[in-house]
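Note that the protein sequences, when read in sequence, are chains A and B. The working numbering numbers the first residue of the first sequence as 75 and each following residue consecutively. The working numbering numbers the first residue of the second sequence as 1296 and each following residue consecutively. In this text, a Cβ means the ideal position worked out from N, Cα and C, and glycines have one as well. Computed from a predicted structure; not experimentally measured.
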Amino acid sequence: MTSPTHDAPEILDPAAPPSGVIAIEAGRLEKSFGNAAVLRGLDMTVRDGEVVAIFGANGVGKSTLLRVMATLTRPDHGNISIYGSDLSKQAEVARLSLGAVLHSPMLYGDLTVKENLTFFGKMFRVPGLTERVDEMAARMGLMRRLDQRIRELSHGFQKRAALARALMHRPRILLLDEAETGLDEPARLILDGVIAEHRAAGHAVVMTTHSIKRGIAGSDRVFVLSGGRVALDRPSSQVTPSDVTDLYGDPSLIGPGGA
Amino acid sequence: MLASLGTVWTLARKDLLLELRSRDIVLAIVVFALLVVTIFTFAIELTPSRSRDVGPGVLWAAVAFAGVLGLNRSFAMEAEGSTLDGLMLTPVSRELIFFGKVLGNFIFITIAEIVIFPVFEALFNISVLQIETIVIALLASIGFSAVGTAFAAMSVRVRSREIMLPLLFLPTSVPLIMAAVESTSVVVNGGSWSDFSDWLQLAILFDVIFVIASAVLFQYVLEE
């Protein structure tokens, strides 16, 4: 039985400069579900200090790619590593560096916000857990809802709680799969603030979004997926919304809030 | 080691807290098992000797079938909010997640047995509340929890999971159910430890093999 390394993850330091260290390195990733090939030899590198936006039409594999990065889905072929830890062998170590907000909040509906954050904090052995729960609740505007059950919260507040869960252990890499969906303006500002802090601390953010303008404006690099591979990899400053949508193929596939 | 035990307890405690709020699992096991036991008391003309002959079989069939309902629910709960993904995102090894779920399910089945056994004893008028039967019940609960947890995890992503779990769980558990029935039968007929030591050994062997095998299997069934 292997036991994970449970060293306290590094605390975010907003003053730390981007290090340029490779945070995520994926090579020739392939993943199929039945006969449907979703990822077909995808290569991608994400460095510390980068905010990366991934675009692509529905079903192109954005969520699958994030699930592979989050160690939830095992690729059929190819390699992926987080800070040098090969996910096929050292996933438990890599998970200490990962925080993810995916489509579902991944919180227990019958537990309160506080109980959920405390439970996941214990799973990560977060030091000073009580203070950290309060800190995250305050950061996400959840202080008055700490004792409410998750199923009693609106979708937006569930998303805020999910973001708090993902950040409890101070991850170096934040994976956001359409995290802005369903958020009101104050919650979007909180999300933008979290992303900015992460970048300033020299950590990495990988996000998928259908809001192309917002994604380009809020990122350092843009990837567009097409045909299960990276069709465009360019600094955001050199990308226009039409560069992205041109690679979507069938315009009818562009989701709401697109260009 | 202590840290691992702490993690297992944190996982089980979370399941207990959820059960305290919803009361889905224990209630399902108790109600179903008591229904089975009650129906048999009406279906069979219970003389003292017939009670001792069929009673142990009825008791363990009721516990095993009712246990399936509870085991199904314990993982359905994780699937509903994708909290299984949340658990998988933590740096906790799959083995510890498995043992945490097993401990939770073991406690649920044991609590259900604490309710079922006295009612069974009253209805069938045979004494099962003895140290020997309690040991058998604990061994059976360990085996049911281990096998059930692994198969419930396997079934959770399948559309027809309510059918899949009993199809996998019940045939696999036959040796354990047989050992429990035969041991209980010896006890209610006045036998001693040595009279059912072979069945007891079978139950222990089943638990050892299936706790290890289920822990290994669990890691693979959770992977997409």
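Annotation for S106 (chain A): V112, D150 place their beta carbon closer than 7 Å to its own, counting only its chain and skipping 5 residues before and after. Using a 10 angstroms sphere on the CB of M217 (chain A), the tally of other CB atoms stays under 16, which defines it as exposed. Leaving aside the five residues that flank E1457 (chain B) on each side, the residues in its chain whose CB is nearer than 7 Å to its CB run, in chain order, N1367. With distances taken between CA atoms, Q1425 (chain B) lies nearest to B:S1478 out of B:D1310, B:A1407, B:A1445, B:S1478.
Taking 7 Å as the cut-off, the beta carbon of A1361 (chain B) is found no closer than this to the beta carbon of A1307 (chain B). Between K287 (chain A) and L257 (chain A), the gap from beta carbon to beta carbon reaches 7 Å or more. Below 8 Å, enough C-beta pairs join the stretch 132 to 142 of chain A and the stretch 297 to 309 of chain A to call them touching: three or more. With the criterion set as a beta carbon lying under 7 Å from some beta carbon of chain A, the members of the stretch 1313 to 1333 of chain B are L1313, R1316, S1317, in sequence order. Look at D320 (chain A): its C-beta is not under 7 Å from any C-beta on chain B. In the structure shown, L113 (chain A) falls within a strand segment according to DSSP collapsed to helix, strand and coil. Between S1436 (chain B) and F1491 (chain B) a beta carbon distance of about 17 Å is seen, past the 8 Å cut, so the two are scored as non-contacting. For A1432 (chain B), the enclosing alpha helix (DSSP H) covers residues 1426 to 1450. Comparing alpha-carbon positions, the option among B:A1371, B:P1343, B:P1351 lying closest to E1314 (chain B) turns out to be B:A1371.
Listed in chain order, the positions of the stretch 1365 to 1393 of chain B with a beta carbon within less than 7 Å of a beta carbon of chain A are G1376, S1377, T1378, D1380, G1381, M1383, L1384, T1385, P1386, V1387, S1388, E1390. Residue environment analysis places S311 (chain A) among the exposed positions, since fewer than 16 neighbouring C-beta atoms fall within 10 angstroms of its C-beta. A contact between stretches requires three or more CB pairs, one per stretch, nearer than 8 Å, and the stretch 218 to 237 of chain A meets this requirement with the stretch 262 to 274 of chain A. Contact between V1516 (chain B) and A1407 (chain B) does not hold, since the beta-carbon distance rounds to 25 Å and is not under 8 Å.
Annotated three-state conformation of M281 (chain A) is strand, per DSSP. Following the DSSP letters along the chain, one finds L241 (chain A) inside the alpha helix (DSSP H) bounded by residues 229 to 241. In this structure, DSSP gives H177 (chain A) a state outside helix and strand, which the three-state scheme calls coil.
The stretch 118 to 133 of chain A and the stretch 159 to 178 of chain A do not touch, with fewer than 3 CB-CB distances between them shorter than 8 Å. Between Y182 (chain A) and chain B, the shortest Cβ-Cβ separation is below 7 Å.
Interface criterion met: the Cβ of R169 (chain A) is under 7 Å from a Cβ in chain B. H177 (chain A) is not a Cβ neighbour of D294 (chain A), given a cutoff of 7 Å.
Excluding the 5 residues flanking it on each side, A1474 (chain B) has same chain C-beta neighbours closer than 6 Å at W1494, L1497, A1498, in chain order. In its chain, beyond the 5 residues on either side, A1510, F1513 have a beta carbon closer than 6 Å to the beta carbon of F1393 (chain B).
The Cβ of K1396 (chain B) sits no closer than 7 Å to any Cβ of chain A. Following the DSSP letters along the chain, one finds K105 (chain A) inside the beta strand (DSSP E) bounded by residues 96 to 107.
F1337 (chain B) counts as exposed, since fewer than 16 other C-beta atoms from the protein chains shown sit within 10 angstroms of its C-beta. Residue pairing by DSSP places R1456 (chain B) in no beta bridge whatsoever. Between V126 (chain A) and V280 (chain A), the C-beta spacing is below 7 Å. Neighbours of E1518 (chain B) across chain A, judged by C-beta separation under 7 Å: R148. Assignment of alpha helix (DSSP H) within the stretch 1454 to 1494 of chain B, counting only whole runs of 4 or more residues, yields 1456 to 1483 in chain order.
For T1405 (chain B), not one C-beta of chain A is nearer than 7 Å to its own C-beta. For the pair of segments examined, the stretch 1374 to 1394 of chain B was found to touch the stretch 166 to 181 of chain A: the number of CB pairs separated by less than 8 Å reaches three. Around the beta carbon of I1411 (chain B), 16 or more other beta carbons lie within 10 angstroms, which makes this residue buried.
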